[in-house]
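Okay, structure first, notes after.
Residue numbers (the numbering used here): 94 to 231.
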């Protein structure tokens with residue numbers, strides 16, 4: 094079941110050409126992914142308690158259509174792959190306009206970082222189970 098989050102594009106994310114700036118796409122895409130994680134029980138508090146959290150290594154964005162100020166957009170985030178031990182993951186956030194036309198697609202590759210060692214590490218089983226649920230969202 095897909096999760097979608099709606100936003101009204103704020104003026105602070107508009108560039109000199111009158112459309113959504115690149116950093117605005119990233120903001121809305123990442124915020125949608127954050128909300129999805131929180132909806133599935135992966136809160137900042139949980140990451141703090143477990144002393145581990147997701148980090149991003151690489152992100153690419155493909156732009157398809159312009160988005161203007163005050164437009165309503167729909168962000169559809171999902172985890173698209175996870176390694177067997179959940180150490181590494183990939184996500185995709187599609188940004189659509191009100192008529193559901195694809196405006197941009199953001200794909201990120203990341204991992205989990207241990208807050209103590211500051212190194213990439215597999216998350217504890219509790220977190221692995223929650224992230225595997227994220228993979229089931231289509």
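Idealized CB from N, CA, C, for every residue including glycine.
Residue i, buried or exposed, once every other Cβ within 10 Å from all chains shown has been counted against 16
i: residue 132; result: exposed
i: residue 191; result: exposed
i: residue 168; result: buried
i: residue 189; result: buried
i: residue 232; result: Here the chain has residues from 94 to 231 only, and residue 232 is not among them.
i: residue 150; result: exposed
i: residue 210; result: exposed
i: residue 148; result: exposed
i: residue 171; result: buried
i: residue 205; result: buried
i: residue 187; result: buried
i: residue 106; result: buried
Closest residue to residue i among the options (Cα-Cα distance)
i: residue 219; options: 172, 146, 125, 165; result: 146
i: residue 116; options: 152, 129, 207; result: 152
i: residue 224; options: 186, 110, 177, 210; result: 177
i: residue 214; options: 143, 126, 118, 136; result: 143
i: residue 194; options: 157, 208, 207, 173; result: 157
i: residue 227; options: 97, 129, 140; result: 129
i: residue 120; options: 103, 135, 136, 134; result: 103
i: residue 201; options: 96, 174, 138; result: 174
Strand pairing of residue i, partner residues [DSSP]
i: residue 98; result: 168
i: residue 151; result: 202
i: residue 195; result: 189
Same chain only: Cβ atoms within 6 Å of residue i, ignoring 5 sequence neighbours per side
i: residue 159; result: 112
i: residue 161; result: 112
Cutoff 7 Å; reference residue i; Cβ partners in own chain excluding five residues on either side
i: residue 165; result: 99, 101, 191
i: residue 126; result: 170, 184, 186
i: residue 108; result: 114
i: residue 118; result: 154, 188, 197, 199
Cβ neighbours of residue i in the same chain (closer than 8 Å, five flanking residues each side left out)
i: residue 180; result: 204, 205, 213, 214, 215, 216
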